[in-house]
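Engineer: One structure follows; several queries about it will come next.
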């Protein structure tokens, strides 16, 4: 089986390590086998630890829930393999945008979650992610345009 052509538009090869991470078999049952990200269960477990940590009121964690727009029509039109490649590109863009200490997971078919230990910049990050994820992708020689909707929740005191 050959690795599908994975490129970030405009025709720039995607990060090779991202492509390898996406297509390599995962040894751990706690990670999504396609993207290599923590799966829903693992993400929830790690989020629980983050929320249980002592934080000052100004450093309350935030949770961003991302839902991809127009992913299903792209996957239906281009095929499942292209849809899988597109999810890997999305995961790569998310990884490259987040900071060390931020938690990223794939929580559904076309859903991702980000937990920020300090949620003060959650709104700015959400706007940046909407911009970055809305840029065109080149998947198997075809341009794919998707977007993302993001909801934000900030932990309460106590």
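In this note's numbering, the protein residues as written are 10 to 167. Ideal Cβ placement from N, Cα and C applies to all residues, glycine included.
Taking the straight line between their C-alpha atoms, what separation do you get for residue 147 and residue 112?
Structural biologist: As a position in the chain shown, residue 147 is number 138, starting the count at 1. As a position in the chain shown, residue 112 is number 103, starting the count at 1. Answer to the nearest angstrom: the Cα atoms are 27 Å apart.
Engineer: Does the Cβ-Cβ distance between residue 73 and residue 155 come in under 7 Å?
Structural biologist: Taking the first residue of the chain shown as 1, we reach residue 73 at position 64. Taking the first residue of the chain shown as 1, we reach residue 155 at position 146. For residue 73 and residue 155, no; Cβs fall outside 7 Å.
Engineer: Measure the C-alpha to C-alpha separation of residue 92 and residue 52 and round it to an integer number of angstroms.
Structural biologist: Reading the chain shown from its first residue, position 83 is the one you call residue 92. Reading the chain shown from its first residue, position 43 is the one you call residue 52. The alpha-carbon atoms of residue 92 and residue 52 are separated by roughly 23 Å.
Engineer: Say yes only if the C-beta of residue 127 is nearer than 6 Å to one or more non-hydrogen atoms of the ligand MG, and no if none qualify.
Structural biologist: Looking at this structure, you won't find the ligand MG or any other ligand, since it has none at all.
Engineer: Looking only at DSSP bridge pairs, what is residue 77 linked to?
Structural biologist: Within the chain shown, residue 77 is the residue found at index 68, counting from 1. For residue 77, which the question treats as bridged, DSSP gives the partners 157.
Engineer: Using a Cβ-Cβ cutoff of less than 7 Å, which residues in the same chain neighbour residue 83 once the five nearest sequence positions on both sides are dropped?
Structural biologist: Locating residue 83 in the chain shown gives position 74, counting from the first residue. Closer than 7 Å at the Cβ level, and outside the excluded window around residue 83, lie 92, 95, 153, 155.
Engineer: For residue 105, which residues in the same chain have their Cβ closer than 6 Å to its Cβ, ignoring the five residues on either side in sequence?
Structural biologist: What you label residue 105 is simply residue 96 of the chain shown in a count that begins at 1. Closer than 6 Å at the Cβ level, and outside the excluded window around residue 105, lies no residue.
Engineer: Among all the DSSP beta bridges, which residues are the ones paired with residue 100?
Structural biologist: Against the chain shown, residue 100 aligns to sequence position 91. Answer is none; residue 100 lacks a bridge partner.
Engineer: Please identify the residue among 60, 122, 43, 58 whose C-alpha is closest to the C-alpha of residue 107.
Structural biologist: Stepping through the chain shown from its first residue, residue 107 is reached at position 98. Selected option, being the one with the closest Cα: 122.
Engineer: Write down the C-beta distance between residue 70 and residue 164 rounded to the nearest angstrom, noting that I regard them as a contact closer than 8 Å.
Structural biologist: Position 61 of the chain shown, counted from the first residue, corresponds to residue 70. Position 155 of the chain shown, counted from the first residue, corresponds to residue 164. Between residue 164 and residue 70 the Cβ distance is about 5 Å, and since that is below 8 Å, they are a contact.
Engineer: Would a C-beta distance cut-off of 7 Å place residue 127 and residue 68 closer than the cut-off?
Structural biologist: Here residue 127 refers to the residue found at position 118 of the chain shown. Here residue 68 refers to the residue found at position 59 of the chain shown. Cβ distance < 7 Å, so residue 127 and residue 68 count as in contact.
Engineer: On a Cα-Cα basis, can you pick out the residue from 145, 50, 159, 166 that is closest to residue 98?
Structural biologist: Translated into positions along the chain shown, residue 98 becomes position 89. Checking every option, the nearest Cα to that of residue 98 belongs to 145.
Engineer: State yes or no: is the C-beta of residue 100 within less than 7 Å of the C-beta of residue 44?
Structural biologist: Translated into the one-based positions of the chain shown, residue 100 becomes position 91. Translated into the one-based positions of the chain shown, residue 44 becomes position 35. Contact: yes.
Engineer: By the DSSP assignment, the alpha helix (DSSP H) with residue 50 in it spans what residues?
Structural biologist: For this step, residue 50 is matched to residue 41 along the chain shown. Start and end: 49-61.
Engineer: Note down, in chain order, each residue of its chain lying with its Cβ closer than 7 Å to the Cβ of residue 60, except the 5 sequence neighbours on either side.
Structural biologist: Here residue 60 refers to the residue found at position 51 of the chain shown. Excluding residues within five positions, the ones whose Cβ falls inside 7 Å are 70, 164.
Engineer: Any idea which residues DSSP pairs residue 117 with across the strands?
Structural biologist: Indexing the chain shown from 1 puts residue 117 at position 108. Answer is 120, bridged to residue 117.
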